[in-house]
Every structure is written in structure tokens, then in C-alpha cells.
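Protein chains: 2
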Amino acid sequence: MSATWKELAAAKKAEQQASIPSAWLLSADKLPPAEQKDVTGVPESCGLLSAREVEITNTDVGPLLKKMAAAEWSASDVTLAFCKRAIVAQQLTNCLTEIFIDRAVARAKELDEYLAKTGQVVGPLHGLPISLKDQFSIKGLDTVMGYTTGIGKPAEKNCTLVDVLLAAGAVLYVRTNVPQTLMWPETFNYIYGRTTNPHNRDLASGGSSGGEGSLVALKGSPLGVGTDIGGSIRIPSACCGLYGLRPSFHRVTYRGAKNSMLGQDTIPSVAGPLCNSLEGVTVFMRAVLGQKPWLQDPLAMRKSWDEEAYQLVEHGGGKKLCFGFMWDDGDYKPLPPITRAMKLVKEALIAAGHSVIDWEPLHHKELVDLASNIWGSDNGQDFRASLAATGEPLIKTMIPEGVEIVAHDVPPIIQSKDTDAYGLWQLHKRKTELREFYLDHWNASVAKTGTGRPVDALISPAAPYPAPPHGMYRLASYTTVFNVLDYPTCVVPVTRVHPALDAKIPAHEFRNIEDKIVYEMYSPEVFANAPLCVQVVGRTQEDEAVLGISEIVDAAVKAYSKN
Amino acid sequence: MSATWKELAAAKKAEQQASIPSAWLLSADKLPPAEQKDVTGVPESCGLLSAREVEITNTDVGPLLKKMAAAEWSASDVTLAFCKRAIVAQQLTNCLTEIFIDRAVARAKELDEYLAKTGQVVGPLHGLPISLKDQFSIKGLDTVMGYTTGIGKPAEKNCTLVDVLLAAGAVLYVRTNVPQTLMWPETFNYIYGRTTNPHNRDLASGGSSGGEGSLVALKGSPLGVGTDIGGSIRIPSACCGLYGLRPSFHRVTYRGAKNSMLGQDTIPSVAGPLCNSLEGVTVFMRAVLGQKPWLQDPLAMRKSWDEEAYQLVEHGGGKKLCFGFMWDDGDYKPLPPITRAMKLVKEALIAAGHSVIDWEPLHHKELVDLASNIWGSDNGQDFRASLAATGEPLIKTMIPEGVEIVAHDVPPIIQSKDTDAYGLWQLHKRKTELREFYLDHWNASVAKTGTGRPVDALISPAAPYPAPPHGMYRLASYTTVFNVLDYPTCVVPVTRVHPALDAKIPAHEFRNIEDKIVYEMYSPEVFANAPLCVQVVGRTQEDEAVLGISEIVDAAVKAYSKN
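So the protein lines, in turn, are chains E and B.
In this text, residue positions in the first sequence follow UniProt numbering: the first is 1, and each later residue adds one.
In this text, residue positions in the second sequence follow UniProt numbering: the first is 1, and each later residue adds one.
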């Protein structure tokens, strides 16, 4: 008799547990009590990592790569340190899926030998441990991707991004958790369960790259790779206080990665980095594009890293930028701490000599509904096909058992409906029109900026809330709008929720039921310690410029926050 | 009572006739007799053009631009010369739709004044008359696009390409004929009728940019802009003996141009040039990309002209190239003259120091069927919607009345069928897989080339036949395969059908009914004087390299043909 989906899930989870070196399992007294919400200090205090391993894992990507290239730190030592810290992170937030430390150790040894022998690094990522969302296939490992139907089907070959990262010198060691279907802004599935937020374990880690969010926030990974179809890199980045880039369509190779809704090419998912430093994000993009992935992946855009764009040649060299501030999308009013973070960024940019204008959202509701309708145009056939072989049920809510609240019949960011091909063409046609209107709207801002250019970038919340309690991340509208527009967007951390600064405010006139739910879920205590971030948004294929501008935003915020 | 579609069509045709300066209408004795098939000599012999106008219109784009920039020839004189020759072309092959000579003359005068005043050209296309397929909207003019429903609806603004060309200094003066629906490889509609081939008026001009093909071949335009979804630039180029580039998706702005099947974004139509010189093709691409169309069109790729790619840096500087020769796609055996042209190119390339290997077509039938199924996935709803307002019937065959042969229920390159969105996703998924297989196939050729690189480009027929008799262009498979793959492809003229060299050969074992039809339609007499061309094919977004390599092919063929 074949195993039930529950048995399959349990066996896979047990296999995962067995893949952890037993010496790295923390005893009950080293683990924080369940009521301890903020666990970000635990990796350093738990005693598993040596002082040197703590130092290594607290080092950002840029300096880390330099130390390894100079053979000051070996790839083996760096790899081992991050492996340990990742396993601690797993025990704190349940962020991992596949764990393959032996492979990582062997790979790091090879890199060390190569460097010792040749005096050369293998590539720009020499020795860097990189964690991957549970979509990026690695030969010989399952890619479960949140479905029991993915169990026991080891990949026959690496996806192209894995080959590209290895060619650039990276070390792969863990993959990270995702929600079933990938189409949720939180992270829960029936195999691995729920990933929590290390800043406050009562809060969501975000999704769908939520495993990456938690792991990178705990510095169990110096650099993680997620994917983003409607916010799935930016949402966990914003929930967990990270830098995270949603590149433009087809700039980062996706070939051979497992995915939901294959063939849904209208608003495709894109791969991109999550990191504790902006430099790490840029390092990733340079390294990936440097490998010319278009030679292997027919969908990867033939467009090298554009250093001029990064140096902001088309943005006055970055000297006096003008930002469009989108305070509110008009549909879901941001909570007080979100607005405070936006204000802080505004003040920081003005203090740094830049200017800002208010940005009027244009057709945002329609853009987001369009995405929902496009993703739902198969009326759920893709999800059903992915579940059929084991009979695993579709997850209808991410609210923990026992908590009473509105459930969803389908992932809340999808509106499923039978649609014929002609109907889908009409949605495509409207999408193009809306993208045209939006670009015209952007260009028209030249009349207001005073720079002789339209706005150089937008600053927007990533959501109306910081990381909410589990099950309450019900909207992806602030992120999805930029997927539909194909605008590259980088999340930049700003500050945190602070009860003294972020009191609840009186109710406004609610615009719709979700707007009311957003308002009502807020209290400074519930959201305590949650990171606050913003999105920096550029125009299609301005990825390099968005990174250059994000550096300016980041530096301004850091300088302003110090004063 | 509202006009019938026939009345609308007749009125529009009469309006066109009235837009021709009466002095330019050739009297019966100046027009060739109906039985004269080759009319390419008529523009020079008919007496309408002065010797200087003949000289001007016989000049290629490169020298033409230089003479105008040097104020040796005025834009006004050049414009008038091409206007006259275009009107002669119209009287010979019925290639035009909108004719707006007054606008062109006024525009040319402005350009002359600007140059006289400033000593500067307006842009890289200063003074160049450019003809446009009947899709590129111009403010105040109808864009009929082969449908009576398009009559009497003047455009409210220019499409972006028109703005871009004007900003670069071009002069617009005529638009050119297309088939109803645009989805035919020939050119016939109920408003303007049929466009014939100037090399042999019994033969098709090709389609859907067939008006451009005839006009440019008669040198009634130094440079035309067509569009290509399955071969619609390359087919008329090959039929009429021109250089024609199908650029990669989204490199040339399409915003605001009228189109069939709006929202069919899977294998989209692209805009590109047709020209009597390869230099003109390159001039067009440089000029359009130089205007940064992505600042106006959200779908236009943010990718400047890549001079390094054009200089073939990734192809050994163009010194010793290796070409993959696709002699036969395995489904439709090319006719003798097509194979002779391929052999001539092979010999020419070897004589020029390059090498060739045989190219095995991979999944070509499936790739082409995939395109048919994708374009037909709306089951004809788009065409019906475009016809509904006037009741104009869908054209079911392009065979002239009175000729007996198999008819088509729909354009022959479309397989219409009800498809739901999920079904369309499955076609998309397969398309991506096939593109991956094809790129792998390309890369694997490194084992055979002897250059250390995979093949630098493919050489392929553009069709199994030269321009066939009207109604007989039933296949677009040799061109469509490269649309599905999104491979930039340039047509290069080689020679002509010559009865002494291109005798009919014994029948082979027919592979299918169309293969039999191809074989049976051939006789050297029927195809007399038809141009013979090849396609030069590169990988996705290698547009610049394809132009650089096409120059090498063109030079080799010219050198070899002289000997």
C-alpha cells in the first residue's frame, strides 16, 4: 500500500532531522523558552559557535569575500560557521528544508585547495555559502517546494542558477522553506510546517521566500536566493529586516528551477537575493550576470551588468535625486509604524540633499486585481494537478489551528476563475495599457521634481503593516503592483516598531473590509520589535540604478538615524 | 442607413486615388502591359522621374544620408524623388495604403531650414524618407490595417516608433499594404486589393509586410518598416529580394502601433526594417535604439545598441566563423533554386575563409505547430471582433478568383481551437522547454565547429520556395520557427531563379500533403526571375551580431558571385 501524504510528509521531516549533525542539536536548556519572542541573540549565546565562528557569521558579504580571497579565512572555516548557525536558526524558526552539510564541507575544501594551489579564487563568490529557496534544483536532492508530491524525486541535474553560482565559487549547504503553492505571503506547508520570524516568533516570516527571510536575519546565511512573483522576496525581506531585490523579469536565470504555475508567463516569478547588506545584493547581481547566463538559459536577458547605470549616469550621478513618495496606495491605509518609517526616510533624504514629492498611485487596485485574475485564470488547475498524486489537500488559510478568523478558500492573492485564452489576451492587453499609463505618469513628474528629470525612484511601503501575526498577511498589493509593472524594487531596512513611537491611532473611514482588518490587527505590543523597511522602485530593467539609488537611501537613513 | 463594408472599402480606395497628384498618374502608354511580369525597370523608364531623381532614388541609405547631411542633396529633393517613385510603384504593384505627400514635403522643408540655419542635422536619419506598414499610427490618419472597420478612425496620436523616427530626422510619406488579419504570408485585403511582386507580377509579394516588400524593391522607398510575427518581414524580403531584419522581441518599440490579436503576448509581433542595403538595416537599428525608446514604451527593452556585439567580439572578431547550414527542415523539401542559393552561400563562405557544418533541425514541426496553436488559441475571436462592426467577411484564401485550388478556412498559418488559460499555459511551458532544448543543441555544436565556439550563426532558407504564384504561399514554417525561438534573423539576397540552372527535379517521397504541393507548384518558368535569399540566424538578443555576421555573408556572396 502506498504511503498517505501525511506519512510521506512525516518521513521527509524525519529525514531532515536526521540530516542535522547530532552534536549541533541544542539541548532544551540552550534553547530559548517558547515565550521568548526575539531569538536573534540566540545564535551568539547558545554556545554552539566559537567566538571566531560568531565573528565570521557576523561579517557582511563584501568583507567576507575579501578575507577568503586573501586566504585570511578559509572557505572551510566560513562554511562550517554558517552551517552551524543555519542549524541553530532551524531550531529557532524552522526555516530549512534540505540540509546537505557534507557536500558543503567537501566543496569548501576543494575551493581551499584550488586557492592554495593556484593563488587564484575560483570566481567572485569564492567560498561564499549561499542558501537557496526550496525551488532551485540541485542534482541528487529532492525539490519538495511545499508539496508532498515533490518528495522522493531527486533532481537529475542542477538548475542553471546553481551551475552559475558554483562557477562563480559559491558553496551551497541548505535550502529553505516555502508555503504550499508558493502563492502565499507567509510560509507554511504540510511537510516542514511553519517558519517563524526571528525578531518576534509570534509574527510571520513573510513569504513565499520566508525560510530565506528567517535564515538570513539570523545570519545563518550571508546571502540567500529567493523568488518573487508578487512580493515573495520583498515580503520576507521587509518582515525580517533585510535588503532584498526583486530584479526585472528574466535578468536572473530561472531555468530548471521548480516552480508553481509553469507556463504562466504573463507576470512571471523572478529570482533574486536577500541579504543583511546591500553590498551583498550587488555582489550577487554582478556575479550572476558575469557568468552570462543567457548562454545557458534562453529566457535570460542578454544584458550584462551595466556599470554606467549603477553609477547613476542617467540620474545626475546620484548627486541631487528626487524621490516620489507613495505614502498610501489608496486602498489599504498603512499602520502608524509604516508611516513613521516612510517619514524617517523622507527626512533622511532631505537631510542628505535630495528632494521628495508626493506620488499618486495610478490604477494600483486594478493592477493588483489584474495580477490576481491572471494567476487565477486556470481556476486552480495547476494547484490541483500538483496535489493530485498524493491527495494532499490545498491549504486554505495560514492561521494557526485554534485561532478564529476569516479563512480563505484559495491563497488570498489569487482570484481563481475559468478564463479562456481570448479572455487572458484581454487581461494582457489591459496590462500593457496600464504599464503605458504608468510610464507616462512617471515621465509627467518631470514637471514637479525640479531636477530636469522625472522622479529618480519611488519610495513605497512594502505592505500596510510590518510582519503581522501568523495567518494575517492577507495582502500583497504594495509589492504586486511592481511585479505587474515589472519595476525592479529593492527593500531597504529603516528601523523597528517601537511601542513609544507607534501608538495606535483613531480609526479612519474604512475603504473596504481588508482595510478594516489591517487597522484592527494593530497594537504596538503585538507588533513589538518588528522590522520596518521601505521599497525603492525604479523603471523596468533599471536594476543597476535601483541598487545605486538604494545605496544612497541606505546611507542617508543610517546617517540620519545616528544623529 | 450606414454604408456596407463594400461601400466603405470603395470610398477608401477612391480617397487613396484622390491623394495621388494627378500629374503623377502614368498614362496608359507609359504603363507596362499587363503581360509584362518584371516591372522593376519601369520607374526609371516611365519618364516621371528626372535623371537626378533616378540617381537619388537609386542611392542606398548610407550615401543618401551623407549627401543630405552635407547639404549636397536637400531633404526636399530627396523626398520629392521618393514620393514620385512610390507613386509609380503603386501604379505597378498596388503597394500603398495612406499617401500623404503634402505632409512629407512640409516636413522635408523644415529639415532643410533647420540644417541651413544650424549647420546641424536633426538626427541620424535626417531627411530620409521612410515608408511604414499600415500599422504604425500617425496622428490624423486612418490605420486601416486591412479591415474595413479601420476606416474613418484617424489616430489621435503617433505611435512611439513614428515619434522616434521623426526625432531622428526621418520624413514619412506613405504607408503600405497588408493582408486582412495580418496573419497571411501574402498581401490582399478588401479595401486596397492585392500587392504584386515587381520582379514578376504573377508572383506574390509575400506578407504580411508585402506592401513594403514591393515598394522597397522598386526603390519607391529607401527604407521600410514592417512587422514580423511568423515571418512577415522576412517573407516579403525574401520574395522581393531585400535585406530584412526580424529583431528580437521588444527591441524595436511597438507601442501605439495597431495590431491583430492584441494581448497575444506569447509570440509577439516585432517591428523591423526592410531595405535594399544591409547598411540601411543597421542605420535603422542604431537610430531607433539611439532614441532610447524604453523611456516611452514600457515593453521596449532597455538595451542600447551594442557596438561590441556588432564588432563580433564574441565571435572571434568575425575572422573565422563557422555556420550551421539548415538545408531542409525535414517537413517541406526546398525547391531546386532554393537549394542552389544555399549551396552558393556555402561556397562563398568557404571561399572567404569560413567553415560550415550541416545543421540538424530540432523539433521544427512542433515549434511551428506550437505557434499555430498559440495564435489560434482564441479560436478566431479576435478576427471576428475586428470584422463585426462592418460585417466584412473573413478572407479564406488568397488565391485569385477563378483559380481552382484548395482553400483555407482560416489563415493557413493558424490552427484555431478553443483553448482555456490552463491549456495555454501548457503550450507556454512546452515552448520554454523547446527553447531550452534548442539552445542546448546550439551549444553542443561546439564539438563540430573547430572554432572553440558553437556555430556563430545558422544559414537557412526563408521558405521552401521563392515567391510563389498568388495564393500559393501556404507555409511560414522556415521563418516561424525563429519567432518561437526568438532568434534574430536577417534575410540576405543571393541570386535569382534562372531557368537554365533551376530545372525541375524528380519527385521525392512526399512527407505530407503540403510537401507535395510545394513540389508540384514548381517550374522554372512559373518562378522566372524570382529573387533567392537566405536567412542568417543568431541567438536571442544577438541582433547586433546577426547584422555583423550578415555583412560577412553578404560580402562573401557578392565577392563569390563576381568571380
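Even for Gly, the Cβ is constructed at its ideal location relative to N, Cα and C.
For residue i, the nearest candidate out of the options (CA to CA)
{"i": "A545(E)", "options": "L65(E), N94(E) and V455(E)", "result": "V455(E)"}
{"i": "P469(B)", "options": "R201(B), L115(B), V144(B) and T57(B)", "result": "R201(B)"}
{"i": "N563(B)", "options": "A352(B), V54(B) and P124(B)", "result": "A352(B)"}
{"i": "K504(E)", "options": "E525(E), E514(E) and N512(E)", "result": "E525(E)"}
{"i": "T40(E)", "options": "I99(E), Q90(E) and H441(E)", "result": "Q90(E)"}
{"i": "I338(B)", "options": "P21(B), L394(B) and A238(B)", "result": "A238(B)"}
{"i": "P293(E)", "options": "T419(E), T160(E), W425(E) and T181(E)", "result": "T160(E)"}
{"i": "H498(B)", "options": "M472(B), A530(B) and M521(B)", "result": "A530(B)"}
{"i": "Y465(B)", "options": "R474(B), A10(B), I459(B) and A457(B)", "result": "R474(B)"}
{"i": "P411(B)", "options": "V164(B), G391(B), S260(B) and G316(B)", "result": "S260(B)"}
{"i": "F482(E)", "options": "D420(E), A168(E) and D369(E)", "result": "D369(E)"}
{"i": "H441(B)", "options": "T480(E), A457(E) and Q296(E)", "result": "Q296(E)"}
{"i": "L349(E)", "options": "A3(E), I130(E) and A556(E)", "result": "A556(E)"}
{"i": "T97(E)", "options": "A23(E), G324(E) and N189(E)", "result": "N189(E)"}
{"i": "V270(E)", "options": "G317(E), R496(E) and T480(E)", "result": "T480(E)"}
{"i": "V537(E)", "options": "I517(E), A457(E) and S2(E)", "result": "A457(E)"}
Beta carbon of residue i nearer than 8 angstroms to that of residue j
{"i": "I413(B)", "j": "G548(B)", "result": "no"}
{"i": "D502(E)", "j": "P336(E)", "result": "yes"}
{"i": "S137(E)", "j": "G256(E)", "result": "yes"}
{"i": "L49(E)", "j": "K84(E)", "result": "yes"}
{"i": "Q16(E)", "j": "Y422(B)", "result": "no"}
{"i": "I56(E)", "j": "V42(E)", "result": "no"}
{"i": "E35(B)", "j": "A81(B)", "result": "no"}
{"i": "W327(E)", "j": "D358(E)", "result": "yes"}
{"i": "R340(B)", "j": "T540(E)", "result": "no"}
{"i": "Q180(B)", "j": "G146(B)", "result": "yes"}
{"i": "M398(B)", "j": "G471(B)", "result": "yes"}
Same chain, Cβ closer than 8 angstroms to residue i, five either side skipped, listed in chain order
{"i": "L278(B)", "result": "Y243, C490, V492, L547, S550, E551 and D554"}
{"i": "S74(B)", "result": "M68, A108, D112 and G127"}
{"i": "P268(B)", "result": "I229, F249, H250 and Y254"}
{"i": "K320(E)", "result": "G353, H354, S355 and T451"}
{"i": "K429(B)", "result": "none"}
{"i": "R511(B)", "result": "G330, D331, Y332 and K333"}
{"i": "P21(E)", "result": "I87 and I101"}
Same chain only: Cβ atoms within 7 angstroms of residue i, ignoring 5 sequence neighbours per side
{"i": "V61(E)", "result": "L128, P222, L223, C275, S277, E279, G280 and V283"}
{"i": "K30(B)", "result": "C46 and G47"}
{"i": "L8(E)", "result": "T148, I151 and T390"}
{"i": "A476(B)", "result": "P185, G230, G231, I235 and I413"}
{"i": "K13(B)", "result": "I191 and Y192"}
{"i": "E514(B)", "result": "Y332, R474 and L475"}
Close beta carbons around residue i, own chain, < 6 angstroms, minus the five adjacent residues each side
{"i": "L132(E)", "result": "R175 and V225"}
{"i": "Q415(E)", "result": "S372, N373 and G376"}
{"i": "C95(E)", "result": "A89, T176, N177, T195, G211, S214 and L215"}
{"i": "V434(B)", "result": "Going by the sequence as given, residue 434(B) is Leu instead of Val. Around L434(B): H363 and L367."}
Helix, strand or coil at residue i according to DSSP, with G and I counted as helix
{"i": "A287(B)", "result": "helix"}
{"i": "K333(E)", "result": "coil"}
{"i": "V252(E)", "result": "coil"}
{"i": "L31(E)", "result": "coil"}
{"i": "K133(B)", "result": "strand"}
{"i": "residue 565(E)", "result": "Only positions 1 to 563 of chain E appear in this structure, which leaves residue 565(E) out of reach."}
{"i": "F82(B)", "result": "helix"}
Residue i Cβ short of 7 angstroms to the ligand MN heavy atom set
{"i": "N197(B)", "result": "As far as ligands go, the structure on display features none, and thus does not contain the ligand MN."}
Beta carbon proximity, residue i to chain A, threshold 8 angstroms
{"i": "L439(B)", "result": "No chain A is part of this structure, whose protein chains are labelled E and B."}
Checklist entry - Which residues, in order along the segment 340-362 of chain B, keep a beta-carbon less than 7 angstroms from a beta-carbon of chain E? => result Residues of the segment 340-362 of chain B that bring their beta carbon within less than 7 angstroms of a beta carbon in chain E are absent altogether.
Next on the checklist: Can you pull out the residues from the segment 252-281 of chain B whose beta carbon lies closer than 9 angstroms to at least one beta carbon of chain E?
Outcome noted: Taking 9 angstroms as the Cβ-Cβ cut-off against chain E, the residues of the segment 252-281 of chain B that qualify are R255, G256, M261, L262, G263, Q264, D265 and T266.
Checklist entry - Quick one, which residues of the segment 283-316 of chain E are near chain B if we go by CB-CB under 8 angstroms, in chain order? => result Taking 8 angstroms as the Cβ-Cβ cut-off, the segment 283-316 of chain E approaches chain B at W294, L295, Q296, D297, P298, L299, M301, R302 and K303, given in chain order.
Item to check | Interface positions of the segment 534-558 of chain E facing chain B (Cβ-Cβ less than 9 angstroms), listed along the chain | outcome: Those residues of the segment 534-558 of chain E that come within reach of chain B (Cβ to Cβ, closer than 9 angstroms) are R539, T540, Q541 and E542.
Next on the checklist: Please identify, using Cβ separations under 8 angstroms, the residues of the segment 378-391 of chain E that lie next to chain B, in order along the chain.
Outcome noted: Within the segment 378-391 of chain E, the residues whose Cβ lies closer than 8 angstroms to some Cβ of chain B are D378, N379, Q381 and D382, listed in chain order.
Checklist entry - What residues in the segment 453-464 of chain B bring their beta carbon closer than 7 angstroms to a beta carbon of chain E? => result If the cut-off is 7 angstroms between Cβ atoms, the segment 453-464 of chain B has nothing near chain E.
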